[in-house]
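First up is the structure itself, then whatever we jot down about it.
Residue numbers (our numbering): 839 to 1135.
Okay, structure coming up:
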């Protein structure tokens, strides 16, 4: 007998080993449909992970940060499959979730331009509609990357991943950088409504100087959103001058973060027109851009 302890402390008994997905299905059909992965004794695992002994189990959905990251990581894998189908001689480098979205890096025989993105995105939508399963095949000796199969495509990636492509519906590709070795960037959300909200013109954009500040820049963006601001982040592997120049033309405010800002827990603030507001804490930025409402007489 296998005893499964759920997050609310309740205990369930099963007479044979079962997968995380089967645990979710035994609780409710709705939870099974929403399941992206599981957490077994605190460790994130795929829905297909087999539970063979007593464990504490929770089901991961897109309503929590880990679920969102898994959703975006899986969209990166689907991007790799789409590119490989369209450009068979392309070499795959690596992909990952990144901030509000994902990226995958490729080595192309001939550089792609922005004009290629709608074609790649259309192929991704075909893959999502076909509802391919995403299954972990084997672990590498480093225990960091696993071989995943998506339809007839195989690639090494950090897991876990969503069980099928049907949940990857609200996504968009928005940028490509580099020359022969290029990164394609996109965003992915649990619903079309959330994707549309993300696409709305932001009040402020957070830009990082290099990849070392990606996590901090994203945490700043999340903090701004919790204060009711329309905030996005640009975490692309691009020169900071290029990112500032691009966003200055259409965004009222920019928050720049480098190592100094990350270590100090603040940002360097400037307006789109170039006015320098200096170093500011997150609360100070929120008070400036979204001042507290005071009661009327």
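We treat Cβ as the ideally placed atom computed from N, Cα and C, and that holds for glycine.
Spatial distance of residue i from residue j (CA atoms)
i: residue 955; j: residue 1022; result: 8 Å
i: residue 1051; j: residue 1044; result: 11 Å
i: residue 892; j: residue 873; result: 20 Å
i: residue 1126; j: residue 1062; result: 12 Å
i: residue 1078; j: residue 1048; result: 8 Å
i: residue 947; j: residue 910; result: 26 Å
i: residue 1110; j: residue 1014; result: 23 Å
i: residue 944; j: residue 851; result: 47 Å
i: residue 928; j: residue 922; result: 6 Å
i: residue 971; j: residue 991; result: 11 Å
i: residue 1057; j: residue 1102; result: 14 Å
i: residue 1019; j: residue 903; result: 30 Å
i: residue 1031; j: residue 849; result: 36 Å
i: residue 988; j: residue 913; result: 11 Å
i: residue 1090; j: residue 1096; result: 20 Å
i: residue 1072; j: residue 1017; result: 20 Å
i: residue 906; j: residue 940; result: 11 Å
i: residue 934; j: residue 942; result: 7 Å
i: residue 868; j: residue 1029; result: 16 Å
i: residue 1155; j: residue 1082; result: The structure shown does not extend to residue 1155, since the chain is modelled only from 839 through 1135, so no value can be given for it.
Cβ shell of residue i (< 8 Å), same chain only, five flanking positions each side left out
i: residue 853; result: 839 and 840
i: residue 855; result: 840, 888, 889 and 890
i: residue 1216; result: The first residue shown for the chain is 839 and the last is 1135, placing residue 1216 beyond what the model contains.
i: residue 1129; result: none
Cβ-Cβ separation, residue j to residue i (assumed contact under 8 Å), whole Å
i: residue 915; j: residue 957; result: So it is not a contact: roughly 19 Å between Cβ atoms.
i: residue 1055; j: residue 1046; result: 4 Å
i: residue 1003; j: residue 965; result: 6 Å
i: residue 1033; j: residue 1008; result: 4 Å
i: residue 1040; j: residue 1068; result: 5 Å
Own chain partners of residue i with C-beta closer than 7 Å, once the 5 adjacent residues on each side are dropped
i: residue 993; result: 915, 918, 930 and 986
i: residue 883; result: 858, 875, 876 and 998
i: residue 920; result: 958, 961, 962 and 965
i: residue 952; result: 1014
i: residue 980; result: Low confidence applies here, because residue 980 scores a pLDDT of 48, under 50, leaving its location unreliable; read the following figure in that light. If we look at residue 980 and ignore the five residues flanking it on each side, it has no Cβ neighbours.
i: residue 1100; result: 1051 and 1054
Option nearest residue i by Cα separation, candidates the options
i: residue 1088; options: 1096, 1100, 920 and 1112; result: 1112
i: residue 1104; options: 1119, 1092 and 906; result: 1119
i: residue 1098; options: 1076, 1117, 1080 and 1084; result: 1117
i: residue 1108; options: 1094, 995, 1121 and 944; result: 1094
i: residue 859; options: 973, 1114 and 1036; result: 973
i: residue 1064; options: 899, 1029, 1124 and 983; result: 1124
i: residue 1115; options: 1092, 1096 and 1121; result: 1092
i: residue 932; options: 982, 900, 903 and 971; result: 982
i: residue 1070; options: 1029, 1106, 1025 and 1102; result: 1025
i: residue 1121; options: 1006, 1060 and 848; result: 1060
i: residue 1027; options: 936, 1090 and 1096; result: 936
i: residue 1010; options: 938, 864 and 901; result: 938
i: residue 968; options: 1005, 1086 and 868; result: 1005
i: residue 881; options: 898, 870, 866 and 865; result: 898
i: residue 1066; options: 847, 1035 and 862; result: 1035
Close beta carbons around residue i, own chain, < 6 Å, minus the five adjacent residues each side
i: residue 896; result: 845 and 877
i: residue 1001; result: 885
i: residue 894; result: 843 and 879
i: residue 1135; result: Residue placement at residue 1135 is poorly supported in this model, since its pLDDT is 41, which falls under 50; the coordinates are not used for a value here.
Short CB-CB distance (under 8 Å) between residue i and chain C
i: residue 840; result: No chain C is present in this structure, which holds just one protein chain.
Terminal residues of the alpha helix (DSSP H) in which residue i lies
i: residue 859; result: 858-865
i: residue 875; result: Taken as a continuous stretch (DSSP letters only), residue 875 belongs to no alpha helix (DSSP H), being part of the beta strand (DSSP E) at 875-878.
i: residue 1081; result: 1078-1086
i: residue 929; result: Premise fails: residue 929 lies in the beta strand (DSSP E), 929-936, not in any alpha helix (DSSP H).
i: residue 949; result: No alpha helix (DSSP H) holds residue 949; DSSP gives it neither H nor E.
i: residue 921; result: 903-924
i: residue 1034; result: 1030-1037
Element boundaries [beta strand (DSSP E), containing residue i]
i: residue 843; result: 840-843
i: residue 1092; result: 1091-1095
i: residue 1114; result: 1114-1118
i: residue 1025; result: 1019-1027
i: residue 1010; result: 1008-1016
i: residue 1050; result: From DSSP, residue 1050 is part of no beta strand (DSSP E); its letter is neither H nor E.
Check: residue i C-beta below 7 Å from any heavy atom of the ligand NAD
i: residue 875; result: Ligands displayed in this structure: none; no statement on the ligand NAD is therefore possible.
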